[in-house]
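Counting in our numbering, the sequence shown runs from 61 upward without gaps.
Think of the CB as a built atom: it goes at the ideal place given N, C-alpha and C, for glycine as much as any other residue.
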Amino acid sequence: MFQFSHPLSRNSSSPAGSGISHSLPPSLSLSLSLSLPPSPSLPLYFSLSVSLSLSPSSSPLPLPLFCSSNIVVVESEEQFKRSLSKVQDESQSAIFYYTAVWCSPCRLLSPIIKQMSEKYPHVTTYKVDIDHKGLGNALSNMDIHSVPTVHFFRNGIKANEVIGADVQLLKNIMEKLYK
């Protein structure tokens, strides 16, 4: 259970106030606290504490990372091969974003990828988690040896790539290829 409450007043006779409550999946726990100084005469400082934990039995990705309509989450080797063939056979513009749950630079790059996919809705982005079961062989054929890696396709041909979380380079390439 997620709960957020804040006092309506520091006066001890005032009620604590209502809160907002949302249910989370059993595999998640979230706590949020907001602290005010004990005395109204003290300077007002806020302390905000947020923690999120996953139980050991939970999936590493309990919540979707992307909700954009032109981002496709690739979940199997077959889907990856179909997607790549479609891009090549139909001479499409596309981005293949290779990532991993444990990758810190990927977490930095993911919101940028989402933002850029919204800026260029005519370009389909394929998000590929390298640790997803069954993708190993297909990815080794693509020479994916580190994450994040982004492959840019234009007219069905791989036109460029970015290895690492170089945000400015990613934006420059997308501007050049897809505007």
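Please classify residue i as buried or exposed, where buried requires at least 16 neighbouring CB atoms within 10 angstroms.
i, result
"Asn232", "exposed"
"Ile217", "exposed"
"Pro181", "exposed"
"Leu168", "exposed"
"Ser177", "buried"
"Leu84", "Low local confidence applies: a pLDDT of 41 at Leu84 is under 50, so the model's placement there is unreliable, and no value is given."
"Val147", "buried"
Please confirm whether residue i and residue j have their CB atoms less than 8 Å apart.
i, j, result
"Ile172", "Ile190", "no"
"Asn220", "Leu195", "no"
"Val134", "Ser143", "yes"
"Glu137", "Asn197", "yes"
Can you check DSSP and say which residues form a bridge with residue i?
i, result
"Asp189", "Thr159"
"Ile131", "Thr185"
"Lys218", "Phe213"
"Ile204", "Paired residues: none, contrary to the question."
"Ala154", "Thr184 and Phe213"
"Ile173", "According to DSSP, which records beta bridges pairwise, Ile173 is partnered with nothing at all."
Please look up how many angstroms separate the CB atoms of residue i and residue j, rounded, as I've assumed it's under 8 Å.
i, j, result
"Gln175", "Phe213", "In fact, because the Cβ distance is near 19 Å, the residues do not count as touching under 8 Å."
"Val188", "Phe156", "6 Å"
"Tyr186", "Ala154", "6 Å"
Let me make sure I understand the geometry here. Which of the options has the alpha-carbon closest to that of residue i?
i, options, result
"Val227", "Ser170, Leu199 and Ala198", "Ser170"
"Val161", "Asn215, Glu235 and Ser206", "Ser206"
"Val210", "Leu230, Lys239 and His192", "Leu230"
"Glu150", "Asn130, Asn201, Asn215 and Ile131", "Asn215"
"Lys239", "Lys179, Ile131, Ser200 and Lys193", "Lys179"
"Asn201", "Val132, Glu235, Asn130 and Lys141", "Lys141"
"His192", "Tyr158, Ile223, Pro165 and Cys166", "Tyr158"
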